[in-house]
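Numbering (the numbering used here), first residue to last: 41 to 589.
One structure is given here, and the rest of the page talks about it.
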């Protein structure tokens, strides 16, 4: 039957430029001379290095262990020797470096021992922990740890599972080629997701500008053994956004500040489904992905690339860049990250390397004042007021930006795309978000410090009160006669009697000593004693005389 499709507000139709990289099949990238694997490749806390410089590692061996709850592990993409664990340039808007593990391949490409997972006869929590250890994270851009999204929660059920094959951003075609060539593996991964989430409906949403991918998924769906509905959706940017695709396919809207599971829907990228299939059915951790290399290169193409491959080596596989290349973007032109150099490595979030040139991407004209045309509001797929957010962010009134639902912004760039004043609106929103996050982090640290100080003050006050109570108890205790009846009083009385008896025995012994007969002493001693007695008598006589007032 034909499913009713819905529309979301806004959206734009930029030139696609996808066909330039879909003329050739996916190629397997060769081993590079060196792999640089960042320990932070996902949302959440970075993995902790568990190897040392000089160690020989095997393909698929864990080299970074997940730290904290929102985290996944990192693995060696091939066998070789660890040559460094140090800061290295990574793909980040700041251009700063991050901790990475460098490996020189030995050419053997020797796998660590691995085996499929019997997920149907395994505790759900144990299976999720294994997926965490295998580094499975979302490959659609957010790179959110998949084991968390695969937890159905207290309801033990997420009725609708959606595979996102929209891939709406211009130039990028990695998901399109993956669906064309590996549709069966994608649905095998969906079978695992369906089992873990206990889903009733499995929907695959693909934009209608990808007819080959739609056909391949429909053929695979007919043979996968469980009901799957492959749906062609209208091509409009950002129709591949998770919230927008949910609205188009189901008519439901994810609440502001909420998650899709709040409305009974879970969404995963088709690349994530394929990675899950490799992990569960082959025991392989996430060590490679499909990457589109396009733009100002001689032979645009998609490659299956090992995580950690430097961008420079990947670009050379596409025939190198043309002479007028001005830089690189990781991702697409709407939401991608401008790279500081081509030395940065491919990570799990790398779906595209886009070589830029002045002819393909002319520099933006200087920004002019906002004219309040409201075109940005008309194009916003999240139903926000971009012009108001811009004014508040520019004025550093971050409280107001939150009142206007700043964090519902998906940073798709539609507002900047249609702005006649060429204002880089998304950059203002990113700035406001980063400032709010920084203030919340500072506030959390201050709250923790205040709590520690208050706890210390309470502890000191309690100790003072305890000491005062002990002193008061001692002061109130009088040496009275012991009352009979209490065992403690009887023990005290017995101790007192023992002491008194000892004193009496000492006195009696002293009295029983008979002094020597003074007549037996020599004359000189007798004379000395007589002198002493005379002086004592004199002292007693003086002491008895009355004292003049």
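Note that CB positions come from ideal geometry on N, CA and C, so glycine has one too.
| query | result |
| --- | --- |
| Alpha helix (DSSP H) segments (min. 4 residues) lying fully within the segment 107-148 | none |
| Those residues which DSSP pairs with residue 243 across a bridge | 202, 269 |
| Of the residues 144, 472, 416, 52, the one placed nearest residue 437, counting alpha carbons only | 472 |
| Pairwise C-alpha distance: residue 242 and residue 51 | 26 Å |
| Contact under 8 Å by Cβ, residue 61 with residue 378 | no |
| Burial state of residue 537, where buried means 16 or more other Cβ atoms lie within 10 Å | exposed |
| Selected residue, minimal CA-CA separation from residue 453, among 395, 423, 143, 278 | 278 |
| Contact check, residue 66 vs residue 344, beta carbons under 8 Å | yes |
| Nearest residue (CA-CA) to residue 271, options 254, 475, 199, 543 | 254 |
| Buried versus exposed call for residue 265 [16 or more other C-beta atoms within 10 Å across all chains shown] | exposed |
| Proximity below 8 Å, CB of residue 462 to CB of residue 389 | no |
| Helix, strand or coil at residue 416 [DSSP, three-state] | helix |
| Local Cβ density within 10 Å of residue 220, reported as buried at 16 or more and exposed below that | buried |
| Neighbourhood of residue 287 by C-beta, 7 Å cutoff - its chain only, sequence neighbours within 5 removed | 46, 48, 293 |
| Under the three-state DSSP convention, the category residue 309 falls into | strand |
| Spatially closest choice to residue 259 from 442, 229, 290, 224, by CA coordinates | 224 |
| Collapsed DSSP secondary structure at residue 208 in the structure displayed | coil |
| C-beta atoms of residue 72 and residue 324 nearer than 8 Å | no |
| Three-state secondary structure assigned by DSSP to residue 164 | helix |
| C-beta contact flag for residue 330 and residue 214 at 8 Å | yes |
| Where residue 176 sits in the DSSP three-state scheme | coil |
| Whole-Å CB distance - residue 124 paired with residue 381, under 8 Å assumed | About 18 Å separates the two Cβ atoms, so there is no contact after all. |
| Residues near residue 261 by beta carbon distance below 6 Å, same chain, minus five either side | 268, 270 |
| When 468, 370, 296 are compared against residue 383, the one with the closest alpha-carbon | 370 |
| Nearest candidate by alpha-carbon position, reference residue 402, set 409, 366, 474, 419 | 366 |
| C-alpha distance - residue 361 paired with residue 341, whole-angstrom precision | 13 Å |
| Selection from 115, 465, 247, 307 that minimises the alpha carbon distance to residue 184 | 307 |
| Supposed contact pair residue 146 and residue 121 - C-beta distance, whole angstroms, cut 8 Å | 7 Å |
| DSSP three-state assignment for residue 46, whether helix, strand or coil | coil |
| Bridge partners - residue 342, DSSP secondary structure assignment | 332 |
| For residue 578, three-class secondary structure by DSSP | helix |
| Distance, residue 212 Cα to residue 113 Cα | 27 Å |
| Backbone CA spacing between residue 229 and residue 107 [nearest angstrom] | 26 Å |
| Outcome for residue 318 when other beta-carbon atoms lying within 10 angstroms are tallied against a minimum of 16 | buried |
| Reference residue 76, options 432, 386, 470, closest by Cα | 386 |
| N-terminal and C-terminal residue of the beta strand (DSSP E) that residue 288 is part of | Here residue 288 belongs to no beta strand (DSSP E); instead the alpha helix (DSSP H) covers 282-290. |
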